[in-house]
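**Student:**
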Amino acid sequence: MNKYFEGKRILVTGGCQGIGKGTVLELWRLGAKVVALSHQADNLEAMKNEYPSIEIACVDLRDWDKTRQLVDSLGIFHALVNCAGFINNEPFLECSPNVFDETMTVNVKAILNVSQIVSKKMIENGIKGSIVNVSSQTSKAAIKDHLAYSASKGAVDSMTQVMALELGSYGIRVNAINPTVILTELGRRAWADPQKAQAMLTKIPLGRFGEVQEAVNAIVFLLSDKANMITGVQLPVDGGFLAT
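Taking the numbering used here, the leading residue of the sequence shown gets 3, the next gets one more, and so forth.
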């Protein structure tokens with residue numbers, strides 16, 4: 003797999019923390035020329051200082067025009083990982099328009115925006131590329147207090163399928179991963195309450211939450227030539243949660 007990624011330019015949004023950062027570092031280790039995109043300037047600079055050969059790009063994905071300008075300026079990519087995300091849990095009866103709109107803007111519209119630019123350049127340059135969208139198990143199974151987030155990830159799954167359908171004739175594959183709780187820094191804090199965690203763990207046959215590297219492994223597989231005949235899928239990385 004190392005040789006497949008050597009020299010390939012890959013853009014990762016949400017690339018300086020959690021699953022995004024793990025993906026950036028894994029692809030970098032495999033020889034890819036990775037660009038980490040985020041709105042967190044300090045975290046990007048810290049990554050650049052530690053890994054000078056990783057390119058960084060700073061933009062707020064909520065700004066459609068600035069995002070288009072920046073991503074367009076970055077040039078051609080062989081692959082894209084849409085990992086940037088936003089979550090602010092509110093129950094259905096209390097879900098506010100602001101939270102709903104921001105969730106959709108970051109989790110859905112940003113994927114549309116970035117993917118359009120990257121895909122068009124793949125097509126123009128005859129690149130049979132690969133795109134992976136990071137979705138969630140909440141797109142498939144209802145979880146209390148996750149209304150906006152669940153709706154956004156359901157949209158990501160649908161978008162993934164339509165993108166795969168429309169880009170397939172150009173040799174561009176589009177897939178999603180649908181992880182359970184992943185123990186990023188944010189995930190550890192969000193599920194630190196033992197009672198809350200246990201209620202979720204009882205629904206996971208493997209009896210544990212996922213590690214960052216396990217989500218990363220699924221992303222890298224779908225990007226790679228090992229998945230050349232796979233497109234339009236939503237791959238659960240959930241320890242069996244969706245089987246219950």
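Even glycine gets a Cβ: it sits at the ideal position worked out from N, Cα and C. All values reported here derive from a predicted model rather than from experimental measurement.
With DSSP collapsed to three states, give me the class of Leu-63.
**Tutor:** Looking at Leu-63 - three-state DSSP - the assignment turns out to be coil, as it is neither helix nor strand.
**Student:** On the DSSP letters alone, give me the boundaries of the alpha helix (DSSP H) that Gln-197 sits inside.
**Tutor:** Element bounds for Gln-197: 196–203.
**Student:** Output the distance between the C-alpha atoms of Ala-43 and Gly-156, rounded to the nearest integer angstrom.
**Tutor:** Their Cα atoms are separated by approximately 30 Å.
**Student:** Ala-192: which of Lys-205, Phe-211, Ile-179 and Pro-207 sits nearest, CA to CA?
**Tutor:** For the residues Lys-205, Phe-211, Ile-179 and Pro-207, the minimum Cα distance to Ala-192 belongs to Phe-211.
**Student:** Starting from Ser-152, trace the alpha helix (DSSP H) in both directions and tell me its first and last residue.
**Tutor:** Here the alpha helix (DSSP H) through Ser-152 covers 149–169.
**Student:** Quick one: give me the first and last residue of the alpha helix (DSSP H) that Gln-118 is part of.
**Tutor:** Counting along the chain, the alpha helix (DSSP H) containing Gln-118 begins and ends at 112–126.
**Student:** Name the DSSP beta bridge partners of Gly-212, please?
**Tutor:** Beta-bridge pairing links Gly-212 to Ile-184.
**Student:** Assign Pro-99 to buried or exposed, taking buried as 16 or more other Cβ atoms, counted over all protein chains shown, within 10 Å of its Cβ.
**Tutor:** Looking at its Cβ environment, which holds fewer than 16 other Cβ atoms inside 10 Å, Pro-99 is exposed.
**Student:** Leaving out five residues on either side along the sequence, give the residues of the same chain with a beta carbon under 6 Å from the beta carbon of Pro-93.
**Tutor:** The answer, listed in chain order, is Asp-147.
**Student:** Would Leu-149 pass as a contact of Cys-97 if the rule is Cβ separation under 8 Å?
**Tutor:** Yes.
**Student:** Out of curiosity, what's the CA-to-CA distance linking Thr-186 and Val-61?
**Tutor:** If I take the Cα positions, the gap works out to 22 Å.
**Student:** Along the chain, where does the beta strand (DSSP E) that runs through Lys-35 open and close?
**Tutor:** Its beta strand (DSSP E) spans residues 35–40.
**Student:** Which residues does DSSP pair with Arg-175 in a beta bridge?
**Tutor:** Ser-132.
**Student:** Should Glu-28 be labelled buried (16 or more other beta-carbon atoms within 10 Å of its own) or exposed?
**Tutor:** It counts as buried.
**Student:** Give a yes or no on whether the C-beta atoms belonging to Leu-46 and Thr-15 are separated by under 8 Å.
**Tutor:** No.
**Student:** Could you pull the DSSP bridge partners for Gln-139 from this structure?
**Tutor:** DSSP lists no partner for Gln-139.
**Student:** Got a sec, what are the start and stop residues for the alpha helix (DSSP H) Pro-99 sits in?
**Tutor:** Looking at the DSSP string, the run of the alpha helix (DSSP H) that includes Pro-99 is 99–106.
**Student:** Kindly indicate which residue of Ile-129, Ser-154 and Ala-143 has the alpha-carbon position closest to the one of Val-136.
**Tutor:** For the residues Ile-129, Ser-154 and Ala-143, the minimum Cα distance to Val-136 belongs to Ser-154.
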